[in-house]
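Below you'll find the structure, written out as structure tokens, and then a few comments.
Residue numbers (the UniProt record's numbering): 1 to 279.
Dropping the structure here:
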């Protein structure tokens with residue numbers, strides 16, 4: 001009995017240690033599981049601008065939710081904050097800009113951002129509340145273009161396409177009003193932030209307006225006096241992220257869902273040629 005008792009006394013500390021170790025492992029595994037579960041449930045955040053950009057991303061987010069990928073769409077009303085938000089890491093990606101716009105923003109603000117994948121092509125048009133055709137634009141009329149470098153150039157090229165001005169050959173995305181070589185109707189150009197151009201239509205004769213903001217205001221893009229090509233992938237709207245997030249599995253999975261037949265059908269059904277797939 002003594003031997004048996006001694007044996008039992010000697011093994012109890014070892015048993016206790018094994019139980020403590022097993023318990024610690026179980027707790028650790030539980031914590032790891034909880035962290036993994038929390039990370040899996042954390043939604044992917046995408047910044048967008050009002051109107052079609054936010055709408056098409058939200059539609060893809062709804063598709064993603066059905067596939068177990070939560071996505072939160074955050075809408076910003078300007079064309080600066082979405083890049084700031086991604087650059088500082090408060091959102092994981094944005095969807096509102098084309099590569100030329102991004103290149104200027106990176107150079108001007110020092111953002112560490114990259115284009116990950118194309119989404120849609122959004123035209124820009126010349127619109128008016130005052131005239132029904134380009135021929136009705138009067139001498140000395142006040143007209144408006146965007147004040148950011150790339151979209152200002154895009155607007156000026158549209159005025160040139162309309163035959164209202166002539167630009168220096170080859171200026172492309174760098175065009176400014178100083179590159180106008182002929183202005184037979186003596187148009188007076190004013191420059192405004194792109195989101196404000198649709199509101200300027202009550203004050204100017206003609207304004208360059210992105211279909212994104214025109215649709216958001218309830219306008220019909222078919223009323224454009226002229227528009228640039230919907231098929232120009234130079235202006236394809238991109239998913240933009242920080243370099244370290246560009247290969248994030250959640251973002252890549254969402255882009256795959258966005259670039260799907262379901263999303264393409266939604267774009268066609270709701271927007272026709274006003275918002276075109278870029279993939």
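C-beta: ideal position from N, C-alpha, C; glycine also.
Against chain C, does residue i count as a neighbour if the rule is that its beta carbon must be under 7 Å from one of theirs?
i	result
residue 131	No chain C is present in this structure, which holds just one protein chain.
What is the DSSP secondary structure of residue i, counted as helix, strand or coil?
i	result
residue 134	helix
residue 39	Reliability fails at residue 39, whose pLDDT of 44 lies under 50, so the model's placement of it is uncertain and the value that follows must be treated cautiously. Three-state DSSP puts residue 39 in a helix.
residue 122	coil
residue 94	strand
residue 209	strand
residue 76	coil
residue 255	helix
residue 176	coil
residue 142	strand
residue 45	strand
residue 277	strand
residue 127	strand
residue 198	coil
residue 171	coil
residue 204	coil
residue 156	helix
residue 105	helix
residue 232	coil
residue 243	helix
residue 272	coil
residue 250	helix
residue 113	coil
residue 52	helix
residue 147	coil
residue 193	coil
Let's test the definition: count the other Cβ atoms within 10 Å of the Cβ of residue i and tell me whether it reaches 16, buried, or not, exposed.
i	result
residue 157	buried
residue 208	buried
residue 148	buried
residue 250	buried
residue 52	buried
residue 16	Low confidence applies to residue 16: its pLDDT is 46, below 50, so where it sits in the model is not reliable, and the reading given next is rough at best. Answer is exposed; the Cβ neighbour count stays below 16.
residue 80	exposed
residue 199	exposed
residue 265	exposed
residue 152	buried
residue 42	exposed
residue 218	exposed
residue 98	buried
residue 274	buried
residue 263	buried
residue 118	buried
residue 133	exposed
residue 229	exposed
residue 54	buried
residue 135	exposed
residue 77	exposed
residue 193	exposed
If residue i sits next to residue j, beta carbons under 8 Å apart, how far is it from one beta carbon to the other, in whole angstroms?
i	j	result
residue 121	residue 233	7 Å
residue 111	residue 103	Their Cβ separation, rounded to whole angstroms, is 10 Å, which puts residue 111 and residue 103 out of contact at 8 Å.
residue 141	residue 96	Going by Cβ atoms, the distance from residue 141 to residue 96 rounds to 30 Å, so no, they are not a contact pair.
residue 226	residue 161	6 Å
residue 127	residue 213	Between residue 213 and residue 127 the Cβ distance is about 10 Å, and since that is not below 8 Å, they are no contact.
residue 61	residue 240	Not confirmed; about 17 Å, so no contact.
residue 101	residue 150	5 Å
residue 181	residue 167	7 Å
Closest to residue i by CA distance: which of the options is it?
i	options	result
residue 164	170, 143, 115	143
residue 89	222, 45, 276	45
residue 269	109, 56, 228, 42	56
residue 235	43, 218, 154	154
residue 188	196, 129, 205, 172	205
residue 246	58, 159, 115, 230	115
residue 109	82, 129, 54	82
residue 223	260, 169, 69, 124	124
residue 145	260, 229, 191	191
residue 195	185, 216, 66, 85	216
Who pairs with residue i in a beta bridge, going by DSSP?
i	result
residue 238	97, 118
residue 188	142
residue 182	166
residue 227	125
residue 71	44
Say yes only if the C-beta of residue i is nearer than 6 Å to one or more non-hydrogen atoms of the ligand HEM, and no if none qualify.
i	result
residue 239	Because no ligand of any kind appears in the structure shown, any question about the ligand HEM cannot be addressed here.
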